[in-house]
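Numbering (our numbering), first residue to last: 891 to 1028. A quick write-up on the structure given underneath.
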């Protein structure tokens, strides 16, 4: 499954030089990943309360190719590209119109809090199917 998350750069996203301050790309990746999971599986707030599942970050990366500025309109194109038992990888591509301005990824653990202590657990097959990585066994 792919998701496109639109963003309009606001003044507070920029630094003194008027360029988007780099941590915002990580914030936007987080937002886009939560939106992707929400559309594919269940809103993250419901995963936390109903299924006792959280999605902590294990690793992040972002490569910047072109600066962004106040009032730029961008899209974050996101998709889960890999699932390994308890961990999944979300790839993000930032585009201003058709120009790729940055790309990156996040690795997240499918983590249960049911016993009161966070513990990574296997990603259910229905979730993998929702991410588009496992063929439906029909």
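Even for Gly, the Cβ is constructed at its ideal location relative to N, Cα and C.
| Check | Outcome |
| --- | --- |
| Nonlocal neighbours in the same chain, by C-beta distance under 6 Å from residue 979, ignoring five residues either side | 971, 972, 995 and 997 |
| C-beta contact flag for residue 931 and residue 1021 at 9 Å | yes |
| Rounded separation between residue 974 and residue 910 - CA only | 33 Å |
| Spatial neighbours of residue 955 in its chain, beta-carbon cut-off 7 Å, leaving aside the 5 residues before and after | 990, 991 and 992 |
| Which listed residue (1014, 949 and 943) has its alpha carbon closest to that of residue 1007 | 943 |
| Nearest-angstrom Cα separation, counted from residue 1012 out to residue 945 | 12 Å |
| Three-way DSSP call (helix, strand, coil) for residue 923 in this model | helix |
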